[in-house]
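J.: Before I ask anything, here is the structure I am working with.
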Amino acid sequence: MKPAAFDYYRPTTRREAIEQLVERGEDARIIAGGQSLMAVLNMRLSQPRVLIDISAVEELRYIERRDGYLAVGAATTQAELAEYAALADEVPLLAQMLPWIGHFQTRNRGTVCGSIAHADPSAELPLCLATLGGEVVLETKRGKPRRVTGDDFFQGILTTARRPYELITEVRFPLSKAGHRYRFQEVAMRHGDFAIVALAVDIGETEYRLGVGGVADRPVVRRIPRDVDLDDALNTLAWSLGAQDDIHASATYRRHLVREMGRRLMTEEIVQEETADVRPAR
Amino acid sequence: MYVRLDERYRVTLTLNGRERSAYAEPRTQLCDFLRHSLGATGTHVGCEHGVCGACTVMVDGRATRSCLMLAVQVEGRRVETIESLAKEGEMGDLQRAFREHHALQCGFCTAGILMSCHEFLGRVTDPSEAEVRDMLSGHLCRCTGYTGIVQAVLAVARARQNNRQEAP
Numbered sequence: 007m008k009p010a011a012f013d014y015y016r017p018t019t020r021r022e023a024i025e026q027l028v029e030r031g032e033d034a035r036i037i038a039g040g041q042s043l044m045a046v047l048n049m050r051l052s053q054p055r056v057l058i059d060i061s062a063v064e065e066l067r068y069i070e071r072r073d074g075y076l077a078v079g080a081a082t083t084q085a086e087l088a089e090y091a092a093l094a095d096e097v098p099l100l101a102q103m104l105p106w107i108g109h110f111q112t113r114n115r116g117t118v119c120g121s122i123a124h125a126d127p128s129a130e131l132p133l134c135l136a137t138l139g140g141e142v143v144l145e146t147k148r149g150k151p152r153r154v155t156g157d158d159f160f161q162g163i164l165t166t167a168r169r170p171y172e173l174i175t176e177v178r179f180p181l182s183k184a185g186h187r188y189r190f191q192e193v194a195m196r197h198g199d200f201a202i203v204a205l206a207v208d209i210g211e212t213e214y215r216l217g218v219g220g221v222a223d224r225p226v227v228r229r230i231p232r233d234v235d236l237d238d239a240l241n242t243l244a245w246s247l248g249a250q251d252d253i254h255a256s257a258t259y260r261r262h263l264v265r266e267m268g269r270r271l272m273t274e275e276i277v278q279e280e281t282a283d284v285r286p287a288r
Numbered sequence: 150m151y152v153r154l155d156e157r158y159r160v161t162l163t164l165n166g167r168e169r170s171a172y173a174e175p176r177t178q179l180c181d182f183l184r185h186s187l188g189a190t191g192t193h194v195g196c197e198h199g200v201c202g203a204c205t206v207m208v209d210g211r212a213t214r215s216c217l218m219l220a221v222q223v224e225g226r227r228v229e230t231i232e233s234l235a236k237e238g239e240m241g242d243l244q245r246a247f248r249e250h251h252a253l254q255c256g257f258c259t260a261g262i263l264m265s266c267h268e269f270l271g272r273v274t275d276p277s278e279a280e281v282r283d284m285l286s287g288h289l290c291r292c293t294g295y296t297g298i299v300q301a302v303l304a305v306a307r308a309r310q311n312n313r314q315e316a317p
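Residue numbers (this note's numbering), protein chains in the order written: chain A, 7 to 288; chain B, 150 to 317.
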């Protein structure tokens with residue numbers, strides 16, 4: 007289908023984008039890469055009065071290592087982040103996860119912040135942000151930028167803590183911690199399809215931080231001490247997610263995947279090698 | 150740049166190396182603009198929501214779904230479509246390999262697949278079969294089962310490598 011009619015605005019500065027957003031409020035939608043939003047517009051599931059295209063706002067196109075975190079600007083594409091040379095050292099979970107987002111043709115345009123703003127419960131980037139305990143930075147016309155943690159930002163299916171007058175200007179991923187290991191794995195019908203279950207884990211010295219995507223209405227993160235019975239903990243987690251049957255998988259299968267993939271991801275070295283073959287390195 | 154919903158904006162871009170321009174409404178998708186306004190009908194329109202890959206073109210050198218872009222977004226940019234692969238009426242090496250390896254039957258998906266392969270082989274000169282299949286996961290082909298496509302891409306990669314080695 008074709009989108010309903012809208013005004014199109016392409017500012018070149020963050021200030022212009024925010025001013026227009028404040029003026030138009032809920033009549034406006036921000037478009038960056040458009041790899042989720044354009045499909046929504048084409049199907050007329052959303053019919054904004056004005057589309058504010060921030061892809062030409064050069065001041066929002068950056069990847070910066072700062073004190074303890076990696077900041078990614080709102081115009082930065084997933085492909086640009088994947089090509090950032092130090093990514094595997096600085097945020098290894100992101101480096102592992104990026105090849106699983108859609109396809110390279112959509113990563114070429116899709117942005118990191120856009121995926122987080124869209125908040126699909128099975129999307130990889132929200133899961134990564136929540137698992138690592140990252141932050142979303144929101145700006146409006148007045149006052150200081152507001153920082154919201156991943157846990158608080160995702161509020162349900164395609165629903166976030168962003169207010170209508172706020173622009174997501176950046177997301178912040180904490181840098182990898184010494185002695186920690188990071189792993190990602192997902193099951194989908196086909197590579198690049200939406201995840202039936204996606205898991206991300208930060209393995210620390212005393213605890214696991216396990217994130218689950220694709221099951222609940224948002225990414226769910228649990229801390230599991232390393233000295234508890236892992237099978238018990240995973241079973242409790244699997245049942246706590248409110249898994250539903252749908253055309254892709256049954257609730258039973260989703261719980262099975264959480265338990266089985268969780269145990270492998272958290273305990274076996276072999277997982278990385280098994281997936282190395284299907285994970286595109288470039 | 151601000152274009153009202155009932156206005157038409159004159160979009161100027163470089164299409165396959167030539168400067169072109171035509172009018173588009175804000176909501177016009179790039180794929181429709183290429184076909185209807187610029188006459189570049191080699192690009193096919195399939196699902197219109199970014200799943201099938203039939204409409205893939207290159208924008209500033211990167212393979213992109215043209216149904217997930219607006220015509221107004223390519224203002225000032227460089228777009229390449231399937232029409233750019235044949236030089237002076239002669240098919241390019243990728244296109245010839247597709248024919249030799251039976252990498253198409255009905256051909257509806259082929260223009261998009263070729264544009265993805267074109268970017269991919271420019272970046273990855275010695276791909277593995279797994280990498281080729283991963284690259285193709287962004288495309289739906291209902292005729293071939295993909296095997297012929299994979300063989301064609303691998304054959305082109307090998308041939309280009311041999312050519313490079315032979316060159317002084």
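No residue lacks a Cβ here, since even glycine has one placed at the ideal position from N, Cα and C.
Because the structure is a prediction, the values reported are computed rather than measured.
Could you pull the DSSP bridge partners for R168 of chain A from this structure?
T.: None; R168 of chain A has no bridge partner.
J.: Kindly list, in the order they appear in chain A, the residues whose Cβ is closer than 7 Å to that of H198 of chain B.
T.: Per Cβ cutoff of 7 Å: A45, N48, M49.
J.: At 9 Å on the CB atoms, spell out the chain A contacts of L162 of chain B, in chain order.
T.: What L162 of chain B touches in chain A: nothing, since even the nearest Cβ is about 14 Å away.
J.: For the stretch 210 to 227 of chain B, which residues have a CB atom closer than 9 Å to at least one CB atom of chain A, in sequence order?
T.: Of all residues in the stretch 210 to 227 of chain B, R211, A212, T213, R214, C216, L217, M218, L219, V221, Q222, E224 have a Cβ within less than 9 Å of some Cβ in chain A.
J.: Is the CB-CB distance between H288 of chain B and G199 of chain B below 8 Å?
T.: It is not a contact, given that the beta carbons lie outside the stated cut-off.
J.: Go through the stretch 237 to 270 of chain B residue by residue and report every complete run of the alpha helix (DSSP H) that reaches 4 residues or more, in order.
T.: Counting whole runs of 4 or more residues, the stretch 237 to 270 of chain B contains the alpha helix (DSSP H) stretches 242 to 249.
J.: For chain A, find out if any of its Cβ atoms is closer than 8 Å to the Cβ of G318 of chain B; answer yes or no.
T.: Outside the modelled stretch of chain B, which goes from 150 to 317, sits residue 318 of chain B, for which no answer is possible.
J.: Just to confirm the assignment: which complete beta strand (DSSP E) runs, minimum length 3, are found wholly within the stretch 176 to 230 of chain A?
T.: Runs found: 187 to 194, 201 to 209, 213 to 219.
J.: Please decide whether T205 of chain B counts as near chain A, where near means a Cβ-Cβ distance under 8 Å.
T.: Chain A, which has a Cβ nearer than 8 Å to the Cβ of T205 of chain B, makes this yes.
J.: Apart from the five residues on each side of it in sequence, which residues of its chain come closer than 6 Å, Cβ to Cβ, to Q300 of chain B?
T.: The residues are H250.
J.: Is the stretch 211 to 225 of chain B touching the stretch 171 to 180 of chain B, taking contact as three or more C-beta pairs under 8 Å?
T.: Short answer: they touch.
J.: Among the candidates A:L135, A:R169, A:L164, whose CA atom is the shortest distance from the CA of P151 of chain A?
T.: For P151 of chain A, the nearest C-alpha among the options comes from A:R169.
J.: In chain B, what lies closer than 7 Å to Q41 of chain A by C-beta?
T.: Those are G199, L217, listed as they occur along chain B.
J.: Which of the three DSSP states is assigned to V223 of chain B in this structure?
T.: DSSP places V223 of chain B in helix when its eight states are reduced to three.
J.: Can you tell me whether DSSP reads P9 of chain A as helix, strand or coil?
T.: Residue state, collapsed to three classes: coil.
J.: Please return the same chain residues whose Cβ sits closer than 6 Å to the Cβ of T274 of chain B, not counting the five positions on each side in sequence.
T.: Cβ within range, chain order: n/a, list empty.
J.: Checking contacts by CB at 8 Å: is Q178 of chain B closer than that to chain A?
T.: Answer yes: the Cβ-Cβ gap between Q178 of chain B and chain A drops below 8 Å somewhere.
J.: When the cut-off is 8 Å and only beta carbons count, does A80 of chain A lie next to chain B?
T.: Not one chain B Cβ lies under 8 Å of A80 of chain A.
J.: Spatial neighbours of A30 of chain A within its chain, please: C-beta separation below 6 Å, excluding the five flanking residues on both sides.
T.: Note on residue identity: the sequence assigns Arg, not Ala, to residue 30 of chain A. Within the same chain, R30 of chain A has close Cβ partners V56.
J.: For chain B, is any of its Cβ atoms less than 8 Å away from the one on P9 of chain A?
T.: With 8 Å as the cut-off, P9 of chain A counts as an interface residue toward chain B.
J.: Is the stretch 220 to 233 of chain A touching the stretch 129 to 140 of chain A, taking contact as three or more C-beta pairs under 8 Å?
T.: Output reads yes: the stretch 129 to 140 of chain A touches the stretch 220 to 233 of chain A.
J.: Work out the CA separation of I231 of chain B and L99 of chain A for me, nearest whole Å.
T.: Using only the alpha carbons, I get a separation of about 37 Å.
J.: Taking the CB atoms as reference points, tell me whether C266 of chain B and C292 of chain B lie closer together than 8 Å.
T.: Contact: no.
J.: Applying a beta-carbon distance threshold of less than 7 Å, which residues of chain A neighbour L154 of chain B?
T.: In chain order: A11, F12, D13.
J.: Measuring straight from C-alpha to C-alpha, what distance separates L271 of chain A and E213 of chain A?
T.: L271 of chain A and E213 of chain A: Cα-Cα distance of roughly 14 Å.
J.: Determine which residues of the stretch 112 to 125 of chain A have a Cβ less than 7 Å from any Cβ of chain B, and write them out in chain order.
T.: Those would be T112, N114, R115, in chain order.
J.: Just checking: is the beta-carbon of G287 of chain B within a distance shorter than 8 Å of some beta-carbon in chain A?
T.: It does: the Cβ of G287 of chain B has a partner Cβ on chain A nearer than 8 Å.
J.: Given H254 of chain A, which residues of its chain have a CB within under 6 Å of its CB, disregarding the five upstream and five downstream residues?
T.: Contacts found: I202.
J.: Near R157 of chain B, which residues of its chain fall below 7 Å by C-beta distance, leaving aside the five closest residues on each side in sequence?
T.: Y172, A173, E174.
J.: DSSP three-state call for M218 of chain B: helix, strand or coil?
T.: Of the three classes helix, strand and coil, the one that applies to M218 of chain B here is coil, per DSSP.
J.: Buried or exposed, going by whether 16 or more other CB atoms sit within 10 Å of the CB of L187 of chain B?
T.: Flag for L187 of chain B reads buried.
J.: Measuring only between beta-carbons, confirm whether G202 of chain B sits less than 8 Å from chain A.
T.: Yes, G202 of chain B lies at the interface with chain A (some Cβ there is under 8 Å from its Cβ).
J.: Going along chain A in order, which residues have a C-beta closer than 7 Å to the C-beta of S265 of chain B?
T.: What S265 of chain B touches in chain A: Q111.
J.: Identify every run of the alpha helix (DSSP H) within the stretch 89 to 151 of chain A, keeping only runs that are complete inside it and at least 4 residues long; order them along the chain.
T.: Entirely contained in the stretch 89 to 151 of chain A, the alpha helix (DSSP H) runs reaching 4 residues are, in chain order, 93 to 96, 98 to 103, 110 to 113, 118 to 124, 130 to 138.
J.: List the residues of chain B whose Cβ lies closer than 8 Å to the Cβ of D73 of chain A, in chain order.
T.: Per Cβ cutoff of 8 Å: no residues; D73 of chain A is ~32 Å from chain B at best.
J.: Select from A:A101, A:Y68, A:R20, A:S121 the residue whose C-alpha is nearest the C-alpha of M44 of chain A.
T.: Taking only the C-alpha atoms, the option nearest M44 of chain A is A:S121.
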